[in-house]
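Asks: Quick note, the sequences are listed as chains F and G, same order. Here this note's numbering is used: the first residue of the first sequence is 39, the next is one more, and so on. Here this note's numbering is used: the first residue of the second sequence is 46, the next is one more, and so on. No residue lacks a Cβ here, since even glycine has one placed at the ideal position from N, Cα and C.
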Amino acid sequence: MEPEALEAAELMARYCDGDVAAFHQLYAKLAPRVLAYLKGLLGERAAAEDVLQQAFIKVHEARATYVRAANPIPWIYTIAHRTCLDELRRRKRSRVRLTKDGTVATEGASQTAHAAHITGVAEGAHESEEPSAEAVAAMAALQRLPENQRQALILTKVHGRSIAEAAQIAGTTPGAIKLRAHRAYVTLRELLKRKDPAASGKELA
Amino acid sequence: MDTFGRPDPRPPPLSPALARAVAATRPVRMRRPARALAGVVAASLAYAAAIATQLGVRADLAAMPMFPFVVYAAACLASFLALLRAVLVPPREQVLPAGPAASRAAAVILAVLLALDVLVAVTSPGAHLALPPGGWARVLVVGVPCLLTALGVVSLPTGLGFFALRRLMPLGGWRIALALGAAAGALAGLVLHVHCPMNDPAHVIGVHGAAVLAPGLALAAVFGARSLSSRAKVDKREQGTGHGT
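Next comes the structure, spelled out in structure tokens:
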């Protein structure tokens, strides 16, 4: 097991043994990347934060199903992903469209809400120093992919998880993950070409 | 940091609900998959044995060719144990069961059991390789008691299996459902094999074979349909929002 997985396993075991501090350490260690993953899936920071909290409540409730010395990271990602799907099914999201000139066209929601709704990229600007135009366009295009392709692409290309780990998280085979990531990559490249002919030659990852 | 060079976002502080839940944390006993497996196996075998005893062992047991009889019975038992293990015991250092491995094992095992079922059918004393008058409809009607017996047998291992898997169904749960149903079907095949005295190949292949295959396929279909439908809803909703366009 990798050092980060070993550390997470140790924290999880201590947490199951009743050590509250271990939960806080685990949260501090894993929540940022799970939040980033959820932001990629949902495209919206506020929703991703809600889902993150729900997911960790589920982790808390399901902690008795943890197996000592197992790597908890894929398990927590899976819980987060399942919570995200539940959320996507349940929520009535307000419709958002960008017009050709890039402005937000609202449909029954405030402009402020839309600004936060477009993608995580816009908010990412607060966190990163200077997100490039390509990154912004890529993250926006990511939201147009089918859910399973987006998941595969985010896990493998954006978050750098191994194919095996991504397959474990998605509950599928490594071959299927490779295929989904490849399809997502091809679609994404097409979307970016259409959006910005100048970017047609540029590779994403 | 992601591929785009953006640092992971800072997570929010714990919500009041999460903070309350965590503050009230008590030590919990962690799951021991081997123990869960032993419990499900013991209860299911005891239940199947009770049903087989209640129904009685087939009257023509002495006349049966022993080799295919024993091979099929052993294969059913081994399949039940192997598939339940695949479903309930995760791979080393993992929390969730490995769905793809379990479903592959289930597919192979179901094919082998079906082949052995055919072997048993054609080697049974007085076997005639022809459909009885009335065709498959008649075979199904005559086979209703066997199918009901099989339904009774599969109910407990399936129920216990899902209970042991609560909060543990991975994404793509149809794979695990297929393997769990196949395990239960193998046990049903064993009970029918020991109990049912009908040697008609159409009955053995059509009804007993269906009793072995159907639970896994039905559960996989139910879970697969649920998964497909929810994925379609998610994709449709996202397309409907015109998100990021």
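Closer than 8 angstroms between beta carbons: that is the criterion. Which residues of the stretch 56-83 of chain G meet it against chain F?
Replies: Pro56, Pro57, Leu59, Ser60, Ala62, Leu63, Ala66, Val67, Ala68, Thr70, Arg71, Pro72, Val73, Arg74, Met75, Arg76, Arg77, Pro78
Asks: Report the neighbours of G:Phe215 on chain F: residues whose CB is nearer than 7 angstroms to its CB, in chain order.
Replies: Mapped onto the second sequence, residue 215 of chain G falls at position 170. In the sequence as displayed, the identity of residue 215 of chain G is Pro instead of Phe. For G:Pro215, the chain F residues whose Cβ falls inside 7 angstroms of its Cβ are Thr116, Gly209, in order along the chain.
Asks: Would you kindly check if the distance between the Cβ of F:Gly56 and the Cβ of G:Thr21 is under 7 angstroms?
Replies: The question about residue 21 of chain G has no answer here: the residues shown for chain G are numbered 46 through 290.
Asks: Can you name, in chain order, every residue of its own chain whose Cβ lies under 6 angstroms from the Cβ of F:Asp89, other than the five neighbours on each side?
Replies: As a first step, residue 89 of chain F is located in the first sequence; it is residue number 51 there, counting from the start. Before going further, note that residue 89 of chain F is Val rather than Asp in the sequence given. Excluding residues within five positions, the ones whose Cβ falls inside 6 angstroms are Leu76, Thr121, Cys122, Glu125.
Asks: Do the stretch 86-103 of chain F and the stretch 188-198 of chain F make contact, defined as three or more Cβ pairs closer than 8 angstroms?
Replies: no
Asks: Whose CA, out of G:Pro135, G:Tyr92, G:Ser89, G:Ile154, lies closest to the CA of G:Cys121?
Replies: Along the second sequence, one-based indexing puts residue 121 of chain G at 76. The shortest Cα separation from G:Cys121 among G:Pro135, G:Tyr92, G:Ser89, G:Ile154 belongs to G:Ile154.
Asks: Please go through the stretch 113-185 of chain G and give each complete alpha helix (DSSP H) segment of 4 or more residues, from N-terminal end onward.
Replies: 144-168
Asks: Apply the 10 Å Cβ neighbour rule to G:Arg137 and answer buried if 16 or more other Cβ atoms are within range, or exposed otherwise.
Replies: Taking the first residue of the second sequence as position 1, residue 137 of chain G is located at position 92. The residue is exposed, with fewer than 16 neighbouring Cβ atoms inside 10 Å.
Asks: Cβ of G:Gly144 less than 7 angstroms from any chain F Cβ?
Replies: The count along the second sequence starts at 1 and reaches residue 144 of chain G at position 99. Yes, because at least one Cβ of chain F sits closer than 7 angstroms to the Cβ of G:Gly144.
Asks: Determine the DSSP secondary structure at F:Val58, reduced to helix, strand or coil.
Replies: Reading the first sequence from its first residue, position 20 is the one you call residue 58 of chain F. Three-state DSSP puts F:Val58 in a helix.
Asks: Measuring alpha carbon to alpha carbon, tell me which residue in F:His98, F:Ala208, F:Thr210, F:Val224 is nearest G:Leu59.
Replies: Residue mapping note: residue 59 of chain G aligns to position 14 of the second sequence, counting from 1. Nearest of F:His98, F:Ala208, F:Thr210, F:Val224 to G:Leu59, Cα basis: F:His98.
Asks: Measuring alpha carbon to alpha carbon, tell me which residue in F:Glu203, F:Ala176, F:Ala214, F:Ile95 is nearest F:Lys231.
Replies: The count along the first sequence starts at 1 and reaches residue 231 of chain F at position 193. Measuring from the Cα of F:Lys231, the nearest candidate turns out to be F:Ala176.
Asks: Inspect the beta-carbon positions of F:Arg71 and F:Ala60 and report whether they are closer than 7 angstroms.
Replies: By 1-based counting over the first sequence, the position of residue 71 of chain F is 33. By 1-based counting over the first sequence, the position of residue 60 of chain F is 22. Result no, Cβ atoms of F:Arg71 and F:Ala60 do not sit closer than 7 angstroms.
Asks: Under a three-way DSSP split, which group does F:His220 fall into?
Replies: Within the first sequence, residue 220 of chain F is the residue found at index 182, counting from 1. F:His220 falls in the helix class under three-state DSSP.
Asks: Counting C-beta neighbours from all protein chains within 10 Å, is the total for G:Ser169 16 or more, i.e. buried, or is it exposed?
Replies: On the second sequence, residue 169 of chain G is found 124 positions in, with the first residue counted as 1. Looking at its Cβ environment, which holds 16 or more other Cβ atoms inside 10 Å, G:Ser169 is buried.
Asks: Assuming F:Ala179 and F:Leu229 make a contact with CB atoms under 8 angstroms, what is their CB distance in whole Å?
Replies: The residue labelled residue 179 of chain F in the question sits at position 141 within the first sequence. The residue labelled residue 229 of chain F in the question sits at position 191 within the first sequence. Between F:Leu229 and F:Ala179 the Cβ distance is about 4 angstroms, and since that is below 8 angstroms, they are a contact.
Asks: How long is the line joining the alpha carbons of G:Ala93 and G:Leu196, rounded to whole angstroms?
Replies: One-based indexing of the second sequence puts residue 93 of chain G at position 48. One-based indexing of the second sequence puts residue 196 of chain G at position 151. C-alpha separation (whole angstroms): 11 angstroms.
Asks: Which same chain residues end up closer than 8 angstroms to G:Ala104 when comparing Cβ atoms and leaving out the 5 residues on each side of it in sequence?
Replies: Here residue 104 of chain G refers to the residue found at position 59 when the second sequence is read from its first residue. Around G:Ala104: Pro242.
Asks: Can you give me the C-alpha to C-alpha distance between G:Val236 and G:Ala255, rounded to a whole angstrom?
Replies: Residue 236 of chain G sits at position 191 when you count from the first residue of the second sequence. Residue 255 of chain G sits at position 210 when you count from the first residue of the second sequence. Straight-line measurement puts the Cα of G:Ala255 at about 14 angstroms from the Cα of G:Val236.
Asks: Could you tell me whether any Cβ in chain G is nearer than 7 angstroms to the Cβ of F:Ala46?
Replies: In the first sequence, counting from the first residue as 1, residue 46 of chain F sits at position 8. Output row for F:Ala46: interface = no.
Asks: Among residues of its own chain, excluding the 5 on either side of F:Met39, which ones have a beta-carbon nearer than 8 angstroms to its beta-carbon?
Replies: Counted from its first residue, the first sequence places residue 39 of chain F at position 1. Cβ within range, chain order: Ala47, Asn109.
Asks: Is there contact here, the stretch 176-194 of chain G with the stretch 108-124 of chain G, by at least three beta-carbon pairs under 8 angstroms?
Replies: no
Asks: Can you give me the C-alpha to C-alpha distance between G:Arg55 and G:Leu225, rounded to a whole angstrom?
Replies: For this step, residue 55 of chain G is matched to residue 10 along the second sequence. For this step, residue 225 of chain G is matched to residue 180 along the second sequence. Rounded to whole angstroms, G:Arg55 to G:Leu225 spans 41 angstroms at the Cα level.
Asks: At 7 angstroms on the CB atoms, spell out the chain G contacts of F:Lys231, in chain order.
Replies: Within the first sequence, residue 231 of chain F is the residue found at index 193, counting from 1. Correct list: empty, because the minimum Cβ distance to chain G is about 15 angstroms.
Asks: If distances are taken between C-alpha atoms only, which option among G:Gly269, G:Ala79, G:Phe114 comes closest to F:Val105?
Replies: For the purposes of this step, residue 105 of chain F is identified with residue 67 of the first sequence, where counting begins at 1. The residue with the shortest Cα to Cα distance from F:Val105 is G:Ala79.
Asks: Would G:Leu264 pass as a contact of G:Ala231 if the rule is Cβ separation under 7 angstroms?
Replies: Residue 264 of chain G sits at position 219 when you count from the first residue of the second sequence. Residue 231 of chain G sits at position 186 when you count from the first residue of the second sequence. It is not a contact, given that the beta carbons lie outside the stated cut-off.
Asks: Can you give me the start and stop residues for the alpha helix (DSSP H) that F:Cys122 sits inside?
Replies: Here residue 122 of chain F refers to the residue found at position 84 of the first sequence. Segment 110-128, the alpha helix (DSSP H) holding F:Cys122.
Asks: Look up G:Asn244 in the DSSP assignment and say whether it is helix, strand or coil.
Replies: Looking up residue 244 of chain G in the second sequence gives position 199. In the structure shown, G:Asn244 sits in coil (DSSP, three-state: anything other than H, G, I, E or B).
Asks: For the stretch 118-141 of chain G, which residues have a beta carbon sitting closer than 7 angstroms to at least one beta carbon of chain F?
Replies: Pro135, Glu138, Gln139, Val140, Leu141
Asks: Which whole-angstrom value is the C-beta distance of G:Pro246 and G:Leu174, which I expect to be below 8 angstroms?
Replies: Translated into the one-based positions of the second sequence, residue 246 of chain G becomes position 201. Translated into the one-based positions of the second sequence, residue 174 of chain G becomes position 129. G:Pro246 to G:Leu174, Cβ: 6 angstroms. Contact.
Asks: Nearest-angstrom Cα distance between F:Glu45 and F:Glu203?
Replies: Position 7 of the first sequence holds residue 45 of chain F. Position 165 of the first sequence holds residue 203 of chain F. Straight-line Cα distance between these residues: approximately 17 angstroms.
Asks: Please list, in chain order, the chain G residues whose beta carbon lies closer than 8 angstroms to that of F:Tyr104.
Replies: One-based indexing of the first sequence puts residue 104 of chain F at position 66. Residues of chain G passing the Cβ test: Met75, Arg76, Val140.
Asks: Please classify G:Pro72 as buried or exposed, where buried requires at least 16 neighbouring CB atoms within 10 angstroms.
Replies: Taking the second sequence and counting its residues from 1, the one referred to as residue 72 of chain G is at position 27. When all chains shown are included, G:Pro72 counts as exposed.
Asks: Assign G:Pro54 to one of three DSSP states: helix, strand, or coil.
Replies: Residue 54 of chain G sits at position 9 when you count from the first residue of the second sequence. In the structure shown, G:Pro54 sits in coil (DSSP, three-state: anything other than H, G, I, E or B).
Asks: Using the Cα positions of G:His240 and G:Val249, report the straight-line distance between them to the nearest angstrom.
Replies: The residue you call residue 240 of chain G lines up with position 195 of the second sequence. The residue you call residue 249 of chain G lines up with position 204 of the second sequence. Each residue's alpha carbon lies about 12 angstroms from the other.
Asks: Give the range of the alpha helix (DSSP H) segment to which F:Ile207 is assigned.
Replies: Reading the first sequence from its first residue, position 169 is the one you call residue 207 of chain F. That run of the alpha helix (DSSP H) goes 201-208.
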